Structures are given as C-alpha cells and as structure tokens.
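Remarks on the structure that follows.
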Amino acid sequence: MNLSAGRVPSKAGKSRSRHVGARLDESLGFLIAEAERASKRVLFARIAEHGIRRGGWFVLRALWEREGITHRELAQRLGLMETSVLEMVRALEGDGLVTRTRDDVDRRKVRIHLTPEGRAIETTLMQVAQTVNDLMVRDLTQAEAVLLKILLKKVRDSLSEQIEPE
Numbered sequence: 007m008n009l010s011a012g013r014v015p016s017k018a019g020k021s022r023s024r025h026v027g028a029r030l031d032e033s034l035g036f037l038i039a040e041a042e043r044a045s046k047r048v049l050f051a052r053i054a055e056h057g058i059r060r061g062g063w064f065v066l067r068a069l070w071e072r073e074g075i076t077h078r079e080l081a082q083r084l085g086l087m088e089t090s091v092l093e094m095v096r097a098l099e100g101d102g103l104v105t106r107t108r109d110d111v112d113r114r115k116v117r118i119h120l121t122p123e124g125r126a127i128e129t130t131l132m133q134v135a136q137t138v139n140d141l142m143v144r145d146l147t148q149a150e151a152v153l154l155k156i157l158l159k160k161v162r163d164s165l166s167e168q169i170e171p172e
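The sequence shown begins at 7 in the working numbering and counts up one residue at a time.
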C-alpha cells in the first residue's frame, strides 16, 4: 500500500504536493501516538494514587515478569538508556520496592530484585492496568479488540524490521 504524495494543480496552475491522509486526524502515526498519550495519562494518574511514579511502573512490570536481572538487561527490556533505568531503580529502592545486590559469580554485575513490598503491590497495580486496558477498548466489540491487538503487533513488527539493532 502506497500512501505517498500525489501532485495536484494549484490555483496558479503550478502543481503542489498533496499527501493522502495529510490531515492529522487521518494520520495513522498521529492516531497511534494520541491513543498512547491518552492511555498513559490515565494509567499514570491511577498508579500515582498508589505512590508509583511513571518510570517505576515500567521497571516493576519488567521485574514482575523476570527479576534478578541487571541494569543493562532491564534497560534493554524497556528500550531505555541505562542511566535512566538506574535513576528509576534508585527511586524504587528508596521506596522500599526493590533491592540491588552484587552478582555472586561476577561481582561487577548488580542484580535487581523485588522486595516483599514490591511483590505485594503487583496484584493491585495489575488490576489498575487492566481497568485502563478495559477503558481503551470499551467501545469495541470483543472481536474488534482482538483484531486491534493483532493489527498493532503487525504494525510494530513491520516497523521493527526497519530499525538497526543497537
């Protein structure tokens, strides 16, 4: 599918560029970005009620899936810079939700673990996230919601093929 510019005559007789879907509200990229911004605003407001900062949410999500990883592994998982992840981890450590310990084999590595408090808030925060996900698709049928996920994964995968590995 080609959504590139076409040429249309201007009032003066010269041709000018006309982009298919040039209106912002018809741009797929803009719509995806707007949906992401809206979902994040709602999610972050709701998790803030539980004392969790926006960056901390992503770190906790990753650690609930797999804890004991290094800062580097966590940064790669989240697609963020290591320095940014380090700041987030320090904040969570200060909140008593994670600990950092030296690796038993390679003392240069620092592994990040959840504290009992960090594990305890998983159910509550995941329920908050599920509520926000439900809000995102409340006006869709179940079939449309499933199709949306399939299509978004295809879009992500198509674009990921164009990105140079870091």
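A virtual CB, placed ideally from N, CA and C, is assigned to each residue, including glycine. Computed from a predicted structure; not experimentally measured.
Looking from the CA of Trp63, the closest CA among Lys155, Met94, Asp112 belongs to Met94.
Taking 7 Å as the cut-off, the beta carbon of Val143 is found no closer than this to the beta carbon of Leu49. For the pair Ala39 and Leu30, the Cα-to-Cα distance works out to about 11 Å.
Rounded to whole angstroms, Arg125 and Arg59 show a C-alpha spacing of 16 Å. In terms of CA proximity to Thr76, Asp110 leads the group Glu128, Leu37, Phe36, Asp110. Setting aside the 5 residues that flank it on each side, Gly102 is surrounded in the same chain by Thr121, Glu123, each with a C-beta closer than 7 Å to its C-beta; the list follows chain order. At a Cβ-Cβ threshold of 7 Å, Arg52 and Ala68 do not count as neighbours. DSSP links Leu120 through a beta bridge to Val104. Between Leu157 and Leu146 the beta-carbon gap is near 12 Å, outside 8 Å, which marks them as no contact.
Of the residues assessed, Leu66 falls on the buried side of the cut-off, its CB having 16 or more other CB atoms within 10 angstroms. When the Cα atoms are used, Arg108 and Arg117 turn out to be separated by approximately 6 Å. The beta carbons of Glu88 and Ala81 sit about 4 Å from each other, so the pair counts as a contact at 8 Å. If you ignore the 5 residues before and after Leu131, its C-beta comes within less than 8 Å of the C-beta of Ile53, His56, Ile58, Trp63, Leu66, all in its own chain and listed in chain order. Ala135 is the residue among Glu170, Ala135, Glu150 whose C-alpha sits nearest the C-alpha of Arg47. Excluding five sequence positions before and after Glu73, the CB atoms of its chain that fall closer than 6 Å to its own CB belong to His119, Leu120, given in chain order. Here Thr130 is not bridged, per DSSP, to any residue.
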